[in-house]
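Q: Okay, here's the structure, questions in a sec.
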Amino acid sequence: MNSSTMILVLLGVSLGSAIVLAIAGSIKLAPEINVLGSAATFAAGVGLALEVYAHGAMLAGGDFFYVDAFNVYLAVLTSFVSMTTAIFSRRYMKREREHGRVGHIRMRFYHAMYQLFIFSILLCLLTNNVGVLWISMELATLSTVLLVSLYRTPNAIEAAWKYFILCGVGIAQALFGTVLLYFAAEKVLGEGVGALLWTNLGRVSGQLEPTVLSLAFVFLMVGYGTKMGLVPLHNWLPDAHGEGPTPISAVLSGLLLNVALYALVRCKVLVDGAMKTHHAGNIMMGFGLISILVSAFSLLRQKDIKRMLSYSSIEHMGIATFAFGLGGPIATFGALLHMLVHSLAKSAIFFTVGHASQMHSTQEIDRIKGLFKGNPLVGWGLMFGIMAIAGMPPFGIFTSEFLILTATIKDAPICAPFLLLGLGVAFAALFRSVQSMVSGNVPAYQKPITAAHVPVLLHMALVFAIGIYMPAFLNQWFHTAVESMR
Amino acid sequence: MFKFYMPVNVASHIISFLAALVLLTAFGMLVQKRIYGLIRLFTWQGLFLSLNTAFVGYVANKHHLYISALLTLSLKVILLPYILHILIQRLKIRKEVETIVNVPMTMLIGIALVILSYHLTAPIRELSNLTTRSTLAVALATVMLGLLMMITRKHAVTEIMGFLAMENGLFFAATSATYGMPLVVEFGVAFDLLMAAFIFGIFFFQINTAFDSLSVEQMARLKEDD
Amino acid sequence: MNPYPLIVEMLQIATLIVLAPAFVGWVRTLKCWAQGRTSAGLFQPYRDLDKLFSKDILLPENASWIFRFTPYLVFGTMVLAGGIIPILSIDLPLAPTADVIVIVALFAIGRFFTALAGMDIGTAFGGMGSSREMMIASLAEPAMLMAIFTVSLANKSTSLSQIVHVIYSGQSVLRPSLSFALLAFILIALAETGRIPVDNPSTHLELTMIHEAMILEYSGRHLALIEWAGMMKLFLFVMMGMALFAPWGIAPRGDIAAIPYALVITALKLGVMGIVIVSIETGLAKMRLFRLTEFLGAAFLLATLGMLSYFILD
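Residue numbers (the numbering used here), protein chains in the order written: chain A, 2 to 487; chain B, 9 to 234; chain C, 3 to 316.
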């Protein structure tokens, strides 16, 4: 099977499942179809990755798709997390339905939109066209907006509305940036679709007009930065991630943010090529550092567990943005690793938190207690997850943060204290709240549930494994990706 | 075959004239209080935009712009206003009048935004040799005015109108900076817009049911300082 | 010395003084027709003025010299403005002495003294009218200047004669900036000349009147002069708008033969503008006083947009 067919399978399965689930979503097996579709997507993703691993970066489907080490690893990650989340959501949503929080039609809608979301993210990653990237990013937002308001509570609707409006505004700025990018590219590459392809743009980045590109980057930064929830454009993120169904929070935090960052990094490479200065990098470092600090201090004040985790997502996106901005092989390597382990760890925590809040019928940190005794898997999963996300060794996030910190001390020592301060405060805040949740006696209002084991265990095992031993293929992969970004 | 000839410089005057009208409608939307009037202004803006695109297509001899013009016409002049009309009728908010705080201040900020856009686009104006390069500032201003409208308004429908006006500005920017994006992209953007239209339609009903009104001011539950 | 410009100047001022009441008569006639009434004819304003001139002056007890001085001053400023604004020809000896900004200032002087006279006698109506007039002026004048600057920028001069000259020499095109300025100018002219929807020239209803409130205590010759000046103001605003935006018909430099032609064209323009004014006044209702800020704000916005689009689009 060649790579073009592989990509078509990869995208086709998710789109196909979306259509199937939209039409036949009311049948009993819908959650299983959802899992199956995601698993097939994952299999295709792995196949594509092996192809790229063997033959290197390649164009596919004419020049519509482009896969290299950078995006294929994100594609595999996406399909993997989408599969495990689908497994988790099977149990989770069944329970929500028993509680009467969602009905028949909404479940159908939920499944169809879930697959559509995965499709749009994969399209974002694999497309070679900057315009199509924008379109599918917008599609990813649109498909999840109504999922955030799935429960139809006033809070959920408010959160979804904010998400819709703010991301709409943000992404509009990104479109303006894309227009400017096309304007600059058209001068060199001539009119037409060719001037919007990453591969062509990368080839001629040295000839692009620097002033236009610097302006374009500001708009792209604001646009995709909104999507990523970077401070001060983060207002919508804690609400949307906090109020939606937990599986959606997991994929939003774990996948959508990564994709926005991916887009931004691709743009940064172009701008760097054109400007030959550290302009774009500096902007990214600034946004990243502010995000880390603001979100770390916001973490201290959170009373809602899912909102707290969303702030932690902002913080980690800040770290990755900062590291990409810093540039250099070590920081970039660290950032790539960070995206990977953060996705895995964050979605694992969301899985456990979802179960925990179902057990206590609340998301309030103060009301969640005695998880160790109530449900050891959920309790220990949450404990280890928080440890991982806070950057404790031996988990993978420690490795990536360590790499980034090392690079910071070497290349931008002035930022290092702020970075450390942010990491320290976040660590303290996360740890303080997790202790009260896991320890103690089982409160009377806690209800026993059957948790989905596989996703949590799988994610945590991977984060742990990467922390203590970096597989050779992953190592080489990241190196290739880092090379492609220089 | 009937062929219509027009001197190119007359057409380019018409283009800048239409650009000015787009800007004028953007300002009008900023201070229009009645929802119905707002939709009418939006429709006019779409019409000016579509005509502008067609004229640019004529001047630059780019035939794919005729398709974009047609796309704008059908989407922003016919379909979206129609959807909005239906929504407004269903939601029974035909006569709703919104209070806008401090119109003069909004106007002054709007004027400042126009000047800002002019300065921001200055480097591009110098690099470009297209006849439409001067309208890029107007396009960016339209985007910014849409943004301003979204900030100043407190009603779900009017916020969406601001969003749509912003989208108009973006489309306009693409036309004036580069004679339009490739058609693949324009169709994709139009598709997203259409999907957004359905989503905000659903939203209006959800908000109306959950809050008993479409005013966004009541949406202040999720504040950080609790 | 070439006597021609002097003759033109005299002729033009005479045209202004003589034709202004006729124009007002024309507007009133049209309005009567529009409302289905029988009109008093084109020459009724002359008869009114004649009647007022033949009456005695009744001075309020506490009127100071300002009250007596104002009618002559107002009349004088209008005549002077009529010597500068090109009505028939641009060969005006007075034109180089003052540009369009001075004309705005001339109107402002007239208004300032009318307002002072309104307050001078110390009646409630006079003071109320003055304060309202000043409020309108404070909003209208910036907008007016902004609109005029736009036109001046586009024609590279602030002198009206020069503007007309430039418009004649270059090819005139559909310019967004000028059309914005024109729209703004129309709104401001309505406000400045006290027409509906800003003020109603034929009302003596105490709650709504503005201009009439200030001159309520005038009588006889004084009132005649003020009324006449008001007619000239309307006439001059129409002529100024024509000079700025549609000067065709005004005799170019040194072309004596074009003067009769210019007279005919001027009469035609006035006829058309009368129709325009009446259709505006019939179509609109008078605005509440507090909505005037919005009305004039819109005028200012339009004028500013005109100026911006001059820089952006032209």
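No residue lacks a Cβ here, since even glycine has one placed at the ideal position from N, Cα and C.
Along the alpha helix (DSSP H) that carries MET113/B, what are the first and last residues, could you check?
A: For the purposes of this step, residue 113/B is taken as residue 105 along the second sequence, with counting starting at 1. Start and end: 111-128.
Q: What is the rounded straight-line gap between the Cα of ASP234/B and the Cα of ILE117/B?
A: Your numbering for residue 234/B matches position 226 in the second sequence. Your numbering for residue 117/B matches position 109 in the second sequence. Residue confidence is low: ASP234/B scores 46 on pLDDT, short of 50, so the model does not pin down where it sits. Its coordinate-derived value is still stated next. Cα to Cα, the separation comes out at about 32 Å.
Q: Have a look at the DSSP bridge pairing and note the partners of TYR151/A.
A: Position 150 of the first sequence, counted from the first residue, corresponds to residue 151/A. Residue identity differs from the one stated: residue 151/A is Leu in this sequence, not Tyr. None; LEU151/A has no bridge partner.
Q: Taking Cβ to Cβ, would you say ALA215/C is nearer than 8 Å to SER91/C?
A: Here residue 215/C corresponds to residue number 213 of the third sequence, with the count starting at 1. Here residue 91/C corresponds to residue number 89 of the third sequence, with the count starting at 1. No, the Cβ-Cβ distance between ALA215/C and SER91/C is not below 8 Å.
Q: Counting only beta-carbon atoms, is ALA120/B nearer than 8 Å to chain A?
A: As a position in the second sequence, residue 120/B is number 112, starting the count at 1. For ALA120/B, the answer is no, since every Cβ of chain A falls outside 8 Å of its Cβ.
Q: Looking at the unbroken alpha helix (DSSP H) that takes in LEU459/A, where does it start and where does it end?
A: The residue labelled residue 459/A in the question sits at position 458 within the first sequence. Looking at the DSSP string, the run of the alpha helix (DSSP H) that includes LEU459/A is 454-469.
Q: Taking any Cβ of chain A, which residues in the region 134-153 of chain B have a Cβ under 8 Å from it, in chain order?
A: Answer in chain order: LEU135, SER136, LEU148, VAL151.
Q: Can you tell me the Cα-Cα spacing of MET9/B and VAL18/B, whole angstroms?
A: Residue numbering aside, residue 9/B sits at position 1 when the second sequence is read from its first letter. Residue numbering aside, residue 18/B sits at position 10 when the second sequence is read from its first letter. Annotation note: pLDDT 38 at MET9/B (below 50); position unreliable, no value reported.
Q: Please find out if some non-hydrogen atom of the ligand SAM comes closer than 7 Å to the beta-carbon of TYR67/A.
A: This structure does not include the ligand SAM; it has no bound ligands of any sort.
Q: Taking only the alpha-carbon atoms, compute the straight-line gap between PRO131/B and ALA27/B and give it to the nearest angstrom.
A: In the second sequence, the residue the question calls residue 131/B occupies position 123. In the second sequence, the residue the question calls residue 27/B occupies position 19. If I take the Cα positions, the gap works out to 20 Å.
Q: Please state the DSSP three-state secondary structure of MET59/A.
A: As a first step, residue 59/A must be located in the first sequence, where it is residue number 58. Three-state result, MET59/A: strand.
Q: Name, please, each residue of chain C whose Cβ falls closer than 8 Å to the Cβ of ILE123/B.
A: As a working mapping, residue 123/B is identified with position 115 in the second sequence. Simply LEU310.
Q: Measuring straight from C-alpha to C-alpha, what distance separates LYS11/B and ASN69/B?
A: By one-based count along the second sequence, residue 11/B stands at place 3. By one-based count along the second sequence, residue 69/B stands at place 61. At LYS11/B, the pLDDT of 47 sits below 50, so the modelled position is not reliable and the matter cannot be decided from this model.
Q: Could you tell me whether any Cβ in chain C is nearer than 8 Å to the Cβ of ALA185/B?
A: For the purposes of this step, residue 185/B is taken as residue 177 along the second sequence, with counting starting at 1. False, the Cβ-Cβ gap to chain C never drops below 8 Å.
Q: Find the nearest neighbour of ALA217/A within the set LEU406/A, VAL131/A, LYS347/A, judged by alpha-carbon distance.
A: For this step, residue 217/A is matched to residue 216 along the first sequence. For ALA217/A, the nearest C-alpha among the options comes from VAL131/A.
Q: I'd like the span of the beta strand (DSSP E) that includes PHE1/A, first residue to last.
A: The requested residue 1/A does not occur in the structure, where chain A is confined to residues 2 to 487.
Q: What residues are listed by DSSP as bridge partners for ARG42/B?
A: As a working note, residue 42/B is residue 34 in the second sequence. Paired residue(s): VAL105/B.
Q: Quick one: Cα of ALA191/C to Cα of MET157/B, how far?
A: Indexing the third sequence from 1 puts residue 191/C at position 189. Indexing the second sequence from 1 puts residue 157/B at position 149. Those two C-alpha atoms are separated by around 30 Å.
Q: When the distance is taken between beta carbons, is ILE168/B closer than 8 Å to PHE208/B?
A: Here the question's residue 208/B lines up with position 200 in the second sequence. Here the question's residue 168/B lines up with position 160 in the second sequence. Closer than 8 Å, so yes.
Q: Among residues of its own chain, excluding the 5 on either side of LYS374/A, which ones have a beta-carbon nearer than 6 Å to its beta-carbon?
A: Counting from 1 along the first sequence, the entry for residue 374/A is found at position 373. Closer than 6 Å at the Cβ level, and outside the excluded window around LYS374/A, lie VAL443.
Q: Pick helix, strand or coil for ASN376/A, following the three-state DSSP scheme.
A: Walking along the first sequence from the start, residue 376/A turns up at place 375. Correct three-state label for ASN376/A: coil.
Q: Run through DSSP, which three-state label would ASN4/C get?
A: On the third sequence, residue 4/C is found 2 positions in, with the first residue counted as 1. Reduced to three states, the DSSP call for ASN4/C is coil.
Q: Report the option in ASP52/C, LEU272/C, GLU283/C whose CA atom is closest to the CA atom of LEU225/C.
A: In the third sequence, counting from the first residue as 1, residue 225/C sits at position 223. Ranking ASP52/C, LEU272/C, GLU283/C by Cα distance to LEU225/C puts ASP52/C first.
Q: If we ignore side chains and look at the alpha-carbon of each, how far apart do PHE351/A and LYS307/A end up?
A: For the purposes of this step, residue 351/A is identified with residue 350 of the first sequence, where counting begins at 1. For the purposes of this step, residue 307/A is identified with residue 306 of the first sequence, where counting begins at 1. PHE351/A and LYS307/A: Cα-Cα distance of roughly 8 Å.
Q: Do the region 299-313 of chain A and the region 237-256 of chain A meet, that is, are 3 or more Cβ pairs less than 8 Å apart?
A: These segments touch.
Q: Does the structure place the region 216-232 of chain A close enough to the region 251-271 of chain A that three or more beta carbon pairs sit under 8 Å?
A: With the cut-off at 8 Å, the region 251-271 of chain A and the region 216-232 of chain A touch.
Q: Is LYS11/B helix, strand or coil when you go by DSSP?
A: Translated into positions along the second sequence, residue 11/B becomes position 3. Note on LYS11/B: pLDDT 47, under 50, position unreliable in the model; the coordinate value appears next. Here LYS11/B sits in coil by DSSP.
Q: May I have the straight-line CA-CA distance separating ASP201/C from ASN176/B, to the nearest angstrom?
A: Here residue 201/C is taken as the residue at index 199 of the third sequence, counted from 1. Here residue 176/B is taken as the residue at index 168 of the second sequence, counted from 1. Rounded to whole angstroms, ASP201/C to ASN176/B spans 39 Å at the Cα level.
Q: Report back the beta-carbon spacing between THR42/A and LEU11/A to the nearest angstrom; my notes put them in contact at under 8 Å.
A: In the first sequence, counting from the first residue as 1, residue 42/A sits at position 41. In the first sequence, counting from the first residue as 1, residue 11/A sits at position 10. Indeed, because the Cβ distance is near 6 Å, the residues count as touching under 8 Å.
Q: Below 8 Å on the Cβ atoms is my guess for ALA188/C versus GLU283/C; work out the distance and round it to an integer in Å.
A: On the third sequence, residue 188/C is found 186 positions in, with the first residue counted as 1. On the third sequence, residue 283/C is found 281 positions in, with the first residue counted as 1. Before going further, note that residue 188/C is Ile rather than Ala in the sequence given. No, ILE188/C and GLU283/C are not in contact; Cβ-Cβ is about 13 Å, not under 8 Å.
Q: Can you list, in chain order, the residues of the region 185-215 of chain B whose Cβ is nearer than 8 Å to any Cβ on chain A?
A: Those would be ALA185, THR186, TYR187, MET189, PRO190, VAL192, VAL193, GLY196, VAL197, PHE199, ASP200, MET203, ALA204, ILE207, PHE208, ILE210, PHE211, GLN214, ILE215, in chain order.
Q: Could you compute how far the alpha carbon of ALA55/A sits from the alpha carbon of MET285/A?
A: In the first sequence, counting from the first residue as 1, residue 55/A sits at position 54. In the first sequence, counting from the first residue as 1, residue 285/A sits at position 284. Between ALA55/A and MET285/A, the C-alpha separation is close to 33 Å.
Q: Does DSSP classify PHE219/B as helix, strand or coil?
A: The sequence position of residue 219/B within the second sequence is 211, counting from 1. Correct three-state label for PHE219/B: helix.
Q: Contact defined as beta carbons within less than 8 Å: I believe GLY232/C pairs with LEU60/C. What is the distance between those atoms, to the nearest angstrom?
A: Numbered from 1 along the third sequence, position 230 holds the residue referred to as residue 232/C. Numbered from 1 along the third sequence, position 58 holds the residue referred to as residue 60/C. In fact, because the Cβ distance is near 20 Å, the residues do not count as touching under 8 Å.
Q: Helix, strand or coil: which one does DSSP assign to ASN130/A?
A: Reading the first sequence from its first residue, position 129 is the one you call residue 130/A. Correct three-state label for ASN130/A: strand.
Q: Who are the Cβ neighbours of LEU60/A in its own chain at under 6 Å, not counting the five residues just before and after it?
A: The count along the first sequence starts at 1 and reaches residue 60/A at position 59. So the qualifying residues of the chain are TYR67.
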